[in-house]
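**Q**
2 protein chains.
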Amino acid sequence: MRLDLSYDGTDFHGWAVQTELRTVQGELMRVFDMLTRDHIEIYCAGRTDAGVHARGQVAHLDITQRQWDALEDAGRVNRALPADIRIHRMERAPAGFDARFAAMWRRYTYRVCDRSTLMNPLMRRQTLTYHRALDIDAMNEAARSLLGLHDFAAYCKPRDFSSTVRSVQSLVWRREADSCVMTIQADAFCHSMVRSIVGAMLPVGDGRQPTTWPGQVLAGGERNVGVTVMPPHPLVLEEVGYPPDEQLAARQRVTRDMRTLDGACDDPS
Amino acid sequence: MRLDLSYDGTDFHGWAVQTELRTVQGELMRVFDMLTRDHIEIYCAGRTDAGVHARGQVAHLDITQRQWDALEDAGRVNRALPADIRIHRMERAPAGFDARFAAMWRRYTYRVCDRSTLMNPLMRRQTLTYHRALDIDAMNEAARSLLGLHDFAAYCKPRDFSSTVRSVQSLVWRREADSCVMTIQADAFCHSMVRSIVGAMLPVGDGRQPTTWPGQVLAGGERNVGVTVMPPHPLVLEEVGYPPDEQLAARQRVTRDMRTLDGACDDPS
Chain A
0 MRLDLSYDGT
10 DFHGWAVQTE
20 LRTVQGELMR
30 VFDMLTRDHI
40 EIYCAGRTDA
50 GVHARGQVAH
60 LDITQRQWDA
70 LEDAGRVNRA
80 LPADIRIHRM
90 ERAPAGFDAR
100 FAAMWRRYTY
110 RVCDRSTLMN
120 PLMRRQTLTY
130 HRALDIDAMN
140 EAARSLLGLH
150 DFAAYCKPRD
160 FSSTVRSVQS
170 LVWRREADSC
180 VMTIQADAFC
190 HSMVRSIVGA
200 MLPVGDGRQP
210 TTWPGQVLAG
220 GERNVGVTVM
230 PPHPLVLEEV
240 GYPPDEQLAA
250 RQRVTRDMRT
260 LDGACDDPS
Chain B
0 MRLDLSYDGT
10 DFHGWAVQTE
20 LRTVQGELMR
30 VFDMLTRDHI
40 EIYCAGRTDA
50 GVHARGQVAH
60 LDITQRQWDA
70 LEDAGRVNRA
80 LPADIRIHRM
90 ERAPAGFDAR
100 FAAMWRRYTY
110 RVCDRSTLMN
120 PLMRRQTLTY
130 HRALDIDAMN
140 EAARSLLGLH
150 DFAAYCKPRD
160 FSSTVRSVQS
170 LVWRREADSC
180 VMTIQADAFC
190 HSMVRSIVGA
200 MLPVGDGRQP
210 TTWPGQVLAG
220 GERNVGVTVM
230 PPHPLVLEEV
240 GYPPDEQLAA
250 RQRVTRDMRT
260 LDGACDDPS
């Protein structure tokens, strides 16, 4: 089964099940287990960290027809779930589908308000308050040096045995009515990668660093203590992209070859 | 001074100061008093009820130059305010300005999600969850009978000595990506009027009442026990309209003549 869902990450300790902590995967498995009176494993495309939200998370689970019948439909599952998780679709996944390994790309947004008089209090749980004015053009110029295939070790929390080579397909800042929004799309992300990239962009935006700095950090090749990992609450997993059905199995093979199962990390938070 | 501001109404017991309860007016006056070391009265265009939000509230205060100097600017006041209130503009009000009595119209929105699979968890604090599918066209047909100048006593909590005659300038439902949104604009609103109108519309939308029903309730002329006053959290004061500066004083005279100061109510929540 393919599952499309959203959640408000505020009250979750991230996606992945943890003993005695409230997590998205934990809540989903609790409800699926309760409805099917069975044990169901659920795998997602982007294992978001504590406080990170999702508008377009994708997950998959292997279930029998009997278990599916017990779940009935997404409306029934939503009634059993807490209000901060909502399932948009429950559908039969095509052959070769794997929420994580068949994904082509993940797209995230990060929202920053640089002027208190523009701040919308109704959006404050998803917006960073920043006390210096940001120059969008300077940040977009700096962003260009991060595009393409690079080793993003400088922007990742190191984990043994896992590659930190990623391909950033787009990275754009734009000014909306009440905030500045960064949209970043990549094949996958390393742990804390998006929040570290934001941490390298904001000092460019406020003029404390030149537009060449984020590229220099990248070229440095190792975790840079000058780069702050920004807070999780303005980060939203917006969408996950998959290839056409007939290419799903091939895509899985490529991804699994590139990243070992143990060490792989595609959690950007 | 004219003040333009937003707030998240979730944690407020409405606009108006109440002893020992947290209110928007109370928080504003506490901060303005603290910064000016004086006592400042603040008056608003729409006295929202507990739980109602504002994206475009307008207020005014009479202050001296010395008091204004002490406040400095909106950024300084925002730093002293809690994060659920944000001031967008502080500016010298034109002669004849009165946030409440010079207003030409108020516009509110009310957000309802009628399908759990469309619900955006990040919007749930401003959205009503409704368990039956809504027919937007039927609600818009019903809405037409409420347009124009009427005695809205049937949709108001009665208050002695106050008129319940109001002019509804527009009332439209539209379906957005994740919810159905009602937008209503009137010269002013009686207490609980918007939430009662929503309470008469939803049974039309789900087919339990004919499209003629909201008009019949209106014609009944007194509070109708069949109409539920809907919850406050999906209601947002979006904008308040004023006439050109040279007509402000005249508009104030007209409004004050129409409604006695004691009994007047233009709080729709």
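Line order of the protein sequences matches chains A and B.
Numbering-wise, numbering that gives the first Met the number 0 puts 254 at position 255 of the first sequence, and it's gapless, one number per residue.
Numbering-wise, numbering that gives the first Met the number 0 puts 249 at position 250 of the second sequence, and it's gapless, one number per residue.
Note that CB positions come from ideal geometry on N, CA and C, so glycine has one too.
Identify, in the order they occur along the chain, each residue of the same chain with its Cβ nearer than 7 Å to the Cβ of A:Arg255, setting aside the five sequence neighbours on each side.
**A** Contacts found: Phe100.
**Q** Check the Cβ of A:Thr116 against every Cβ in chain B and list those closer than 8 Å, keeping chain order.
**A** Ala73, Gly74, Asn77, Arg85, Ile86, His87 and Arg88
**Q** For chain A, find out if any of its Cβ atoms is closer than 7 Å to the Cβ of B:Leu127; answer yes or no.
**A** no
**Q** Counting only C-beta atoms, is A:Leu170 closer than 7 Å to chain B at any point?
**A** no
**Q** From A:Gln251 to A:Val228, what distance separates their C-alpha atoms?
**A** A:Gln251 and A:Val228 have their alpha carbons spaced roughly 30 Å apart.
**Q** What is the DSSP secondary structure of B:Leu117, counted as helix, strand or coil?
**A** Coil, per DSSP.
**Q** Determine the chain D residues that contact B:His52 at a beta-carbon separation under 7 Å, and present them in chain order.
**A** This model lacks chain D altogether, as its protein chains are A and B.
**Q** By how many angstroms is the C-alpha of B:Phe31 removed from the C-alpha of B:Asp261?
**A** At B:Asp261 the pLDDT is 39, less than 50, meaning the model places this residue with poor confidence; the figure from the coordinates comes in the next sentence. Their backbone Cα atoms lie some 26 Å apart in a straight line.
**Q** Do the stretch 166-175 of chain A and the stretch 210-223 of chain A make contact, defined as three or more Cβ pairs closer than 8 Å?
**A** Taking 8 Å as the limit for Cβ pairs, the verdict is that the stretch 210-223 of chain A does not touch the stretch 166-175 of chain A.
**Q** At 3 residues or longer, and completely inside the stretch 168-245 of chain A: list those beta strand (DSSP E) runs for me, N to C.
**A** 179-185 and 234-240
**Q** Which same chain residues, not among the five before or five after B:Gln208, have their C-beta less than 6 Å away from its C-beta?
**A** Pro202
**Q** So with Cβ pairs under 7 Å, would you call B:Arg5 a contact of chain A?
**A** Looking at the sequence shown, residue 5 of chain B is not Arg but Ser. B:Ser5 has a beta carbon lying within less than 7 Å of a beta carbon in chain A.
**Q** Closer than 6 Å by C-beta to A:Ala199: which residues in its own chain qualify, once you throw out the five before and the five after it? Chain order, please.
**A** Pro213, Val216 and Val226
**Q** Taking 6 Å as the limit between beta carbons, can you name the residues of its chain near A:Val253, skipping five residues before and five after?
**A** none
**Q** Would you call the CB atoms of A:Gly309 and A:Val51 closer than 7 Å?
**A** Examination of residue 309 of chain A is not possible in this model, given that chain A is present from 0 through 268 alone.
**Q** Where does B:Met103 sit, in a helix, a strand or coil, going by DSSP?
**A** In the three-state reduction of the DSSP assignment, B:Met103 falls in the coil class.
**Q** So the alpha helix (DSSP H) B:Arg255 belongs to, where does it begin and stop?
**A** Element bounds for B:Arg255: Leu247 to Met257.
**Q** Return no unless some Cβ of chain B is closer than 7 Å to the Cβ of A:Ala98.
**A** no
**Q** Per DSSP, which residues does B:Ser166 bridge with? Please list them.
**A** Answer is B:Leu148, bridged to B:Ser166.
**Q** Suppose you measure from the CA of B:Leu127 to the CA of B:Val224; what does that come to, to the nearest Å?
**A** 21 Å
**Q** Considering only the beta carbon of each residue, do B:Ser178 and A:Asn119 sit closer than 7 Å?
**A** no
**Q** Three-state secondary structure (DSSP) at A:Ile86?
**A** strand
**Q** If you follow the alpha helix (DSSP H) that B:Gly25 is in, where does it begin and where does it stop?
**A** Unbroken alpha helix (DSSP H) run through B:Gly25: Val23 to Thr35.
**Q** From B:Glu19 to B:Gly13, what does the alpha carbon distance come to, in whole angstroms?
**A** 13 Å
**Q** Between B:Asp10 and the rest of its own chain, which residues show a CB-CB distance below 8 Å, the 5 nearest in sequence each way excluded?
**A** Arg21 and Asp83
**Q** Mind the definition here: the stretch 104-124 of chain A touches the stretch 83-92 of chain B only if three or more C-beta pairs lie below 8 Å; say whether that holds.
**A** yes
**Q** Give me, in chain order, the residues of the same chain whose beta-carbon lies closer than 7 Å to that of A:His38; leave out the 5 immediate sequence neighbours on both sides.
**A** Asp32
**Q** Look up A:Asp3 in the DSSP assignment and give the residues it is bridged to.
**A** A:Val57 and A:Arg88
**Q** Take A:Ala263 and list the residues in its own chain whose beta-carbon comes closer than 6 Å to its own, dropping the five residues that flank it on each side.
**A** In this prediction, A:Ala263 has a pLDDT of 45, which is less than 50 and means its spatial position is unreliable; nothing more can be read from the coordinates.
**Q** Check each candidate in A:Tyr154, A:Arg29, A:Glu40 and A:Gly55 and name the one with the smallest Cα separation from A:Arg88.
**A** With distances taken between Cα atoms, A:Arg88 lies closest to A:Gly55.
**Q** Chain A partners of B:Ala82, CB-CB under 7 Å?
**A** Chain A residues near B:Ala82: Pro120 and Arg123.
**Q** Opposite B:Val111 in the DSSP bridges: which residues?
**A** B:Leu127 and B:Cys179
**Q** If you draw a straight line from the alpha carbon of A:Asp134 to that of A:Pro233, how long is it in whole angstroms?
**A** 19 Å
**Q** Check whether the Cβ atoms of A:Arg1 and A:His59 lie closer than 7 Å to each other.
**A** yes
**Q** Is B:Leu133 helix, strand or coil by DSSP?
**A** Taken through DSSP and simplified to helix, strand or coil, B:Leu133 comes out as coil.
**Q** Looking at the unbroken alpha helix (DSSP H) that takes in B:Gly74, where does it start and where does it end?
**A** Ala73 to Ala79
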